[in-house]
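Numbering-wise, the sequence shown is residues -22 to -1, 1 to 754 according to mature numbering (1 follows the signal peptide of the UniProt record, and there is no 0).
Everything on this sheet refers to the single structure shown next.
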Amino acid sequence: MLRSYALLLVFLTITIVSKAQAPTSFGFEYRPVAKVVHGTDTLRNAWAGGFNTPQFSTIDLNNDGQQDLFAFDHETNRCYTFLNVATAGTAAGRRWQYAPEYETIFPDSLNSWVLLRDYDCDGRADIFTYVNGGNIAVLRNVLVNGRVTFQLTTNQIRYSGSFVGTANLTIGGYNLPAIQDVNGDGKLDIMSYDFVASSQIEQYINTSPGTCGGALTFTMSTSKWGDMEACSGCSAYMLNGQQCFTAQRPTHTGGHSLLLVDLDGDGDQDVLDGRDNCPELTRLLNQGTTAAPVVTQAGISSSFPSAGAPVRVPVFPAGYSFDANFDGRPDLVVAPNMVNNLADLVSMSHNVQLYANGTASGAPSYTYQAAGFLQNEMIDVSEGAAPTFGDIDGDGLTDMLIGNQGDQVGGTYRASLTYYRNVGTRARPIFKLMNSDYLGLSSQSLQGIKPVLVDLNRDNAIDLAYSVWDRGTNVLYYILNTANSGQAVTLNAANAVDFKRQGPVGAAYPNPTIASGVLTYTRGDMPYFTDVDNDGFVDLLIGTNETREPGMSLRYFRNRGRGALDSAFVLVNNDFGQIRDSKGQRPVNLSPSVADFDGDGRPDLVVTDDEGMLRFFSDYRSQQGSLFSERNDVLYNNVKGQYETNRLGKDLYTHYGLAAADVDGDGAPELFVGTETGGVLSYGTRNRGTVTATHAEAARALALSVYPNPATATATVETATPTRLTVFDLTGRVVLTGATAQRRHALSLTSLTPGVYLVRATGADGVSAVQRLAVQ
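Here's what the structure looks like:
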């Protein structure tokens, strides 16, 4: 009870402090830090975070009269917002621009499905979404001071019917309904497969008084649209109670997506039907009338829109109709709508398809666009992206590696490393895709590769460590770089070594501090190497879901600095920082990263978990042995002019991979977030360099001086009193040390690659001062 009460007090204190954060304090802000190039194409929304199962709707986000784009990812419950912006040099003169500052106007409770539709005829799109086990909630779009906000109208739509009287309109969370005007009276109607068996399409007509339909009263006009019933196979239906037809395929699990489009130009709405476990979007033509729909076998086609280019999405396609290419015509966008990929193990890249409409009026004519829609403009490595950074090619510029959970290639679902080389300059990085299977790890049929580029053996050359799911267990491997410092990295996957346990293997560990080992049992464990105890050796932090051994989500293994590297790491804290989620519980899928983000010369810790919230722990070293003090309102929103919590999406199966690197050479590390949806988000720092008055005064008293600066081969460091020196790179890794305390130090820089470093001088009383040193 005392522990819970203490956690509550800390939570309340953090909440109060968070609300008081001013725009002038330190934080992060979304920033596309570098161009990304695939072949000859520069990705326009490279750092948007990738797509898995997006559901698309249009809405005017910034109140400029243009229809912008909203996407809701079914798998991760994440909102995306894209502005419709004028752009010279494009065919239509406009493009979609990722604008995450609008994502937080949407409630963070959204899940399963979200469609934006204007139900009250005020010209602003409102929210229709799943709630309470299958009901439909409606939230009205209300402008407050010219900004979009949403206010709950109802969380339970009711309908009347001849057999039920009045009842809740319930469709479940796995059916995606069509919320459109079915009968041409200007009011939004609803069509969906039935909640119980998902075998018959139910039609609910809006019977609200007046011309708008804003009262949201509905009547079920039919419980079996077109006198048709879906059978168990893909594109299999029963008409008029007769035998099912169309080739039988694997049984589906009940989920359907519906989109209404007048496909044949006869004035009534036809249906595009997508099913779980099926790849096609089936066309169902209404060959009767709106009031009396008729579907015949000739009107059903699984080769829509054409036999030469039919819709084929690996699992559960859903269609969305809007002007995707800015030509004034409603196009068709198709994307998967599955809950997750745990059972299907299909590719989650290149799945968002675009079929451009070539007709201005009447029946649409759809043409397949090979590039797809928006997903082709992003970094997207299928799913479970985990980035890491380092100079791989030895040219002095920071390159990027991205591990993934997996991707289906050639019928096999396996993980790989994607290599982006920095072909730009120090100030203007450009990441060019070089290899989607770096080191050929895909041949090993691994899953969930979480890489870290780090100097493990202190030879000033980066090595590769990676956590991976390997034939039924999670293993932490490393591959030593055999090249010299400053040269292109030389790694051989055949030389991979796994870190060994340090304690007895058994079901119970009576003393986990003594009987310690690298806990790599659990799938998705996230390793991060950094010098926690400031002794010049990189230690290991692991975010883990492990429950078979005592401990919580973040565990600290100290590098003993002696013996074989594969057995150098020993557990010293199985609940590092005592980090808990927003409910005070153990975080799930925790991922750590360390760097001096706020510019006070001391490393900070950032973590995230399945809640999708960044948590920032300033100067975490000074907090060891206690509950870390946290900030979670660290993301600056330039539209609102304030800091707020970020919204990466949340789901039990969601993993994020964090990394820190100064890729643009400005002396400040950027924060990168690999997403479950296979992409990467990039954040720069804001108001960096704020320190407390006490620390600043103490630092000034040391009179730290570093010259020349910039330097090449050598540099001199002087202080007013004898100090010990430590030189860090911007990820917190120790690269040089001076154990002897003296007033004047001569630094040899020949082992360092060009870049910005932090020189810290520490006096006998523990007071330290930090200064940046640029090495050319």
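Ideal Cβ positions, reconstructed from N, Cα and C, are used throughout, including at glycine.
Fair warning: this is a prediction, and the values are worked out from it, not measured in the lab.
Is the Cβ-Cβ distance between M530 and S560 less than 8 Å? no
Where the beta strand (DSSP E) containing Y182 begins and where it ends: I179 to N184
Determine the DSSP secondary structure at N473, reduced to helix, strand or coil. helix
So what's G204 in DSSP terms, helix, strand or just coil? helix
Going along the chain, which unbroken runs of the beta strand (DSSP E) with 3 or more residues stay wholly within the segment 517 to 576? 517 to 521, 532 to 537, 547 to 551 and 569 to 573
To test your reading of the DSSP string, which unbroken beta strand (DSSP E) runs of 3 or more residues are found completely within the segment 297 to 361? 309 to 314, 331 to 335 and 344 to 347
Let me check understanding here. Comparing Cα to Cα, which of Y631, L605 and L703 lies closest to Q383? Y631
Ignore the nearest five residues each way along the sequence and tell me which others in A742's own chain have a CB closer than 6 Å to its CB. none
Here's the rule I'm using: 16 or more other beta-carbon atoms within 10 Å means buried, otherwise exposed. How should D588 be labelled? buried
Would you identify the three-state DSSP class for T68, choosing helix, strand or coil? coil
Tell me whether the segment 139 to 151 and the segment 204 to 223 touch, counting them as touching only if at least three CB pairs, one residue from each stretch, are closer than 8 Å. no
Which full runs of the beta strand (DSSP E) of 3+ residues lie inside the segment 435 to 471, going along the chain? 441 to 448 and 451 to 457
Would D707 pass as a contact of P407 if the rule is Cβ separation under 8 Å? no
Taking the beta strand (DSSP E) that Y171 falls in, what are its first and last residues? D167 to Y171
Residues sharing a beta bridge with F282, DSSP: DSSP lists no partner for F282.
Name the DSSP beta bridge partners of I157, please? I168
Could you tell me whether the segment 389 to 397 touches the segment 660 to 667, where touching means 3 or more Cβ pairs closer than 8 Å? no
Please return the same chain residues whose Cβ sits closer than 6 Å to the Cβ of I457, not counting the five positions on each side in sequence. L442, L469, N473 and A474
How close, in whole Å, do the beta carbons of L147 and A296 come, if the pair is a contact with beta carbons under 8 Å? Wrong, their Cβ atoms sit about 20 Å apart, outside the cutoff.
Nearest-angstrom Cα separation, counted from S445 out to L605: 27 Å
At which residues does the beta strand (DSSP E) containing Y8 begin and terminate? G5 to Y8
If we ignore side chains and look at the alpha-carbon of each, how far apart do L93 and I278 end up? 26 Å
With DSSP collapsed to three states, give me the class of G733. strand
Here's a check: name, in chain order, each residue in its chain whose Cβ is nearer than 7 Å to the Cβ of S414, leaving out the five neighbours to either side. S394 and T396
Consult DSSP for Q45 and reduce its assignment to one of helix, strand or coil. coil
Would you say Q720 and P700 are within 8 Å of each other, going by their C-beta atoms? yes
Reduced DSSP secondary structure (H/G/I, E/B, other) of S97: The question names Ser, but residue 97 in the sequence shown is Tyr. The answer is coil: DSSP assigns Y97 none of H, G, I, E or B.
Per DSSP, which residues does E53 bridge with? Please list them. Paired residues: none, contrary to the question.
Classification of V617 by the beta-carbon crowding that lies within 10 angstroms, buried from 16 upward: exposed
What did DSSP end up calling Y631 once you bin it into helix, strand or coil? coil
Using only CA atoms, which one of S683, T195 and I427 lies nearest to N184? T195
DSSP beta-bridge partners for S138? T144 and T197
Starting from F34, trace the beta strand (DSSP E) both ways and give me its first and last residue. P32 to I37
Using only CA atoms, which one of Y416, K628, D553 and P647 lies nearest to S571? P647
In angstroms, rounded to a whole number, what distance separates the CA positions of P164 and S186? Here residue 164 turns out to be Gly, not Pro, going by the sequence shown. Distance between the alpha carbons of G164 and S186 is about 11 Å.
At what residues does the beta strand (DSSP E) containing M412 begin and finish? I408 to N413
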